[in-house]
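For the sequence shown, the UniProt record's numbering puts the final residue at 643, and the numbers step up evenly by one.
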Amino acid sequence: VSEFPPPAALETVRLTVSQAVVRFLAQQYTERDGQRQRLFAGCFGIFGHGNVAGLGQALLQAEIDTPGALPYVLGRNEQAVVHTAVAYARARDRLQTWAVSTSVGPGSTNTLTGAALATINRLPVLLLPADTFATRSAGPLLQELERPDSGDVTVNDAFRPVSRYFDRIWRPEQLPGALLGAMRVLTDPAETGAVTLCFPQDVQAEAFDWPVELFAERSWHVGRPLPEPAALARAVEVIRSARRPLLVAGGGVIYAQATEALEAFATATGIPVAQTQAGKGALPYDHRQSVGAIGSTGTTAANDLARQADVVIGIGTRYQDFTTASRTAFTDPGVRFVNVNVAAMDAVKHAGVTVQADAREALTALTDALAGWSVADAYRARTAELAAAWEATVEAAYHPAVPSAGEGGRLTQNEVIGVVNEVSAARDVVVCAAGSMPGDLHKMWRVRDRKGYHVEYGYSTMGYEIPGGIGIRMASPDRDVFVMIGDGSYLMMPTELVTAVQEGVKIVVVLVQNHGFASIGALSESLGSQRFGTRYRYRAANGRLEGDVLPVDLAANAASLGVDVLIAQDGPSLEAALRKAKASDRTTVVHVETDPLIDAPSSQSWWDVPVSEVSTLSSTQQARAVYDRWKSVQRPFLAPSQP
């Protein structure tokens with residue numbers, strides 16, 4: 001042992017665990033294509049007894065000692081601030097996000113929905129929920145879960161299945177490894193999602209001597225994996241054999257900033273491009289090869305081409321059931337799939353030819369390898385014909401022959417969408433998440449910018465819209481944000497309007513009042529359940545919810561939260577209100593009543609929601625017959641797709 005030189009003294013700094021976390025997060029950066037940015041824009045949270053003296057103290061100290069290092073923003077609902085963080089990350093192409101600090105117990109578990117949303121949508125967010133004491137010195141604590149079969153399980157274990165990375169820091173020595181593991185997942189496009197690091201209350205406040213190099217600036221390179229040559233060759237062979245190919249563009253095209261590469265590919269090959277909810281904006285709506293949305297909420301153009309497609313090229317899509325119309329969209333008996341995705345889990349779906357690579361790099365390579373090859377002129381003409389027919393359908397929905405044809409002269413939702421679309425600028429962003437609006441927007445919104453469409457339809461979370469809109473505007477302060485929201489979603493989470501006022505973040509909220517759940521009401525009717533339990537009504541004398549409409553004044557509710565409110569009754573007043581809201585520098589809610597019984601144009605497609613196999617109701621019996629007919633078309637897509 002005496003032969004070895006004495007070790008050099010390790011330079012350390014004494015900080016609490018919470019102070020170390022805050023200092024570390026402030027020093028993390030991402031880099032892609034030579035562009036470098038902070039990974040964390042700041043930390044959202046709500047303080048309670050579980051985090052006020054730990055992370056709360058550390059954030060205060062950082063705000064005073066190093067202003068701007070990790071700004072803190074107070075929210076009103078823990079779930080909501082996760083939505084804000086996730087929307088911010090999506091707007092920044094997953095290169096930046098926020099941390100979220102919560103107290104123990106309900107403060108922690110309130111974020112579970114947000115965690116699931118982030119992981120399902122492949123979007124990064126760092127959750128820092130407080131936990132019970134590591135020492136167990138004062139147990140059982142307020143809000144502590146006690147189990148007779150385990151002493152080390154807490155409510156935070158519920159985060160395990162909805163997180164891409166989970167750890168609990170029982171001792172300070174565990175922190176460096178946990179932080180590095182968390183950063184690895186947050187910055188990996190193939191692995192990203194919610195990352196949860198749980199901090200027992202006592203550990204948060206515990207001091208430790210940390211090596212100073214832990215707090216050095218650290219850049220995480222976000223790579224662009226290249227397509228493997230043999231995989232690319234297999235994909236090219238399949239595409240060259242196609243007579244009726246169709247490309248399905250998913251969110252991966254947007255996140256990889258691959259829209260220019262997609263445009264070049266589509267123009268060179270003539271292959272029509274359909275878009276998923278996350279991929280809408282991959283091509284402008286009026287591009288020659290764009291056929292709009294696909295699947296259950298798609299256009300008739302995209303769905304007609306999907307039914308005839310002999311090769312489907314999926315770029316950055318996870319093939320959600322709405323995209324595939326519950327596996328009834330692609331009905332050609334010999335249809336084959338080519339799947340380009342950075343994540344292996346998504347690339348292997350539908351037994352396709354797998355190209356695991358960055359979307360931009362793969363599209364560029366495919367364009368070069370297919371040089372000189374194109375679809376037939378007749379197929380290009382067919383694509384243009386179908387797209388033009390759908391645009392005429394949208395125009396008729398936006399501007400019906402009899403304006404305000406809804407009950408009592410109320411606008412239809414189609415008209416509302418049309419007015420908002422025409423008032424908004426090309427770079428403005430429309431936001432939605434749940435209800436009937438996402439499907440209608442997917443079909444009809446004329447997107448003109450790759451970031452102009454932001455609909456959360458992986459988890460389709462009611463209440464995402466307003467906090468999500470705040471996150472988008474924070475990420476893109478030069479874009480106006482139009483939040484489209486129905487009364488059902490609004491009532492789930494309106495309180496973040498207070499956060500918008502607090503932070504001076506301006507959004508325009510278009511609040512569509514139809515006195516119930518329009519989406520589930522229409523679905524219920526189509527499934528033979530007669531819109532049961534979907535209307536906001538008094539309980540009648542017969543015990544059913546079919547009395548008069550509830551006297552809910554959502555405009556007054558919004559005004560009470562500190563925002564401006566404008567009321568629209570018809571098309572001209574809606575347009576005027578929207579233009580006034582757009583010109584304002586304050587958050588404005590535009591309230592408009594609509595008729596929920598007038599649907600958007602049909603996609604001529606299907607969504608698999610099982611119908612009761614037996615029933616005494618004739619409406620259910622008829623719905624089941626329709627269901628069985630569609631079910632007979634459903635396919636497993638398991639046949640070998642190799643050339």
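All C-beta atoms in this analysis are idealised placements derived from N, C-alpha and C, irrespective of residue type, glycine included.
Query                                                                                                                                                                               : Result
Please report the distance separating the alpha-carbon of ALA182 from that of TYR285.                                                                                               : 38 Å
MET474 and TYR88: beta carbons closer than 8 Å?                                                                                                                                     : yes
Taking only the alpha-carbon atoms, compute the straight-line gap between ALA558 and VAL505 and give it to the nearest angstrom.                                                    : 16 Å
Along the alpha helix (DSSP H) that carries PHE24, what are the first and last residues, could you check?                                                                           : 17 to 25
Could you tell me the boundaries of the beta strand (DSSP E) in which HIS442 lies?                                                                                                  : Not the beta strand (DSSP E): HIS442 falls in the alpha helix (DSSP H), residues 437 to 444.
Evaluate ALA567 with the Cβ neighbour count: other Cβ atoms within 10 Å of its Cβ, from every protein chain shown; 16 or more gives buried, anything less gives exposed.            : Position check: residue 567 holds Ile in this sequence, whereas Ala was assumed. Exposed, by the Cβ-count rule.
Would the stretch 286 to 305 count as touching the stretch 254 to 274 if we require 3 or more Cβ pairs under 8 Å?                                                                   : yes
Rank HIS515, THR534, GLY516 by C-alpha distance to the C-alpha of SER524 and give the top, closest one.                                                                             : THR534
Identify which residue in TYR490, LYS582, GLY334, VAL611 has its Cα closest to the Cα of VAL552.                                                                                    : TYR490
Alpha carbon to alpha carbon, how far is PRO643 from GLU237?                                                                                                                        : For PRO643, the pLDDT reaches just 49, beneath the cut-off of 50, and the residue's location in the model is therefore unreliable, leaving the point undetermined.
Run through DSSP, which three-state label would PRO360 get?                                                                                                                         : It should be noted that the sequence gives Arg, not Pro, for residue 360. Here ARG360 sits in helix by DSSP.
Any chance you could list the alpha helix (DSSP H) runs of at least 4 consecutive residues sitting entirely within the stretch 169 to 216, in chain order?                          : 175 to 186, 201 to 204
I need the boundaries of the beta strand (DSSP E) containing ASP304, first residue and last residue.                                                                                : It is not in any beta strand (DSSP E) - ASP304 instead sits in the alpha helix (DSSP H) that spans 300 to 308.
I'd like to check one pair, GLY562 with VAL498: are the Cβ atoms closer than 8 Å?                                                                                                   : yes
Taking just the CA atoms, how far does ALA639 sit from ASP310?                                                                                                                      : 13 Å
If you draw a straight line from the alpha carbon of TRP445 to that of GLY418, how long is it in whole angstroms?                                                                   : 8 Å
Would you list the one or two residues that DSSP bridges to ILE485?                                                                                                                 : LEU511
Are the CB atoms of ALA99 and LEU25 nearer to each other than 8 Å?                                                                                                                  : yes
Label GLN79 either buried or exposed according to how many other C-beta atoms from any shown protein chain fall within 10 Å of its C-beta, with 16 as the threshold for buried.     : buried
If we ignore side chains and look at the alpha-carbon of each, how far apart do THR495 and GLU465 end up?                                                                           : 12 Å
Does TYR627 pass the burial test, meaning 16 or more other C-beta atoms within 10 Å, or should it be called exposed?                                                                : buried
If you follow the alpha helix (DSSP H) that HIS83 is in, where does it begin and where does it stop?                                                                                : 78 to 91
Please look up how many angstroms separate the CB atoms of ILE472 and VAL509, rounded, as I've assumed it's under 8 Å.                                                              : About 13 Å separates the two Cβ atoms, so there is no contact after all.
For the candidate residues LEU247, LEU128, GLU260, ILE254, whose alpha-carbon lies nearest to that of ALA306?                                                                       : LEU247
LEU180: buried (16+ other C-beta within 10 angstroms of its C-beta) or exposed?                                                                                                     : exposed
Output needed for ALA85: all residues of its chain with C-beta closer than 7 Å, excluding positions within five of it in sequence on either side, in chain order.                   : PHE44, THR97, TRP98, VAL100, VAL125, GLY471
Can the beta-carbon of PRO129 be found less than 8 Å from the beta-carbon of THR102?                                                                                                : yes
Our contact map puts THR276 next to GLY251 with C-beta atoms below 8 Å; I'd like the distance itself, whole angstroms only.                                                         : 7 Å
Return the CA-CA distance between SER612 and ALA376, expressed in angstroms with no decimal places.                                                                                 : 46 Å
Is the distance from the Cβ of ARG160 to the Cβ of VAL153 below 8 Å?                                                                                                                : no
Please tell me whether residue 644 and PRO172 are closer than 8 Å, where the distance is taken between their beta carbons.                                                          : Because the chain spans 1 through 643 in this model, residue 644 falls outside it and cannot be assessed.
Which of the three DSSP states, helix, strand or coil, is assigned to THR587?                                                                                                       : coil
Assuming ASP321 and TRP607 make a contact with CB atoms under 8 Å, what is their CB distance in whole Å?                                                                            : 7 Å
At what residue ranges does the UniProt domain "Thiamine pyrophosphate enzyme central" (232 to 366) contain a whole run of the beta strand (DSSP E), taking only runs of 3 or more? : 245 to 249, 273 to 275, 290 to 293, 311 to 315, 336 to 341, 353 to 356
What are the boundary residues of the alpha helix (DSSP H) that includes ASP628?                                                                                                    : 618 to 631
Alpha carbon to alpha carbon, how far is VAL222 from VAL394? Give it in angstroms, no decimals.                                                                                     : 39 Å
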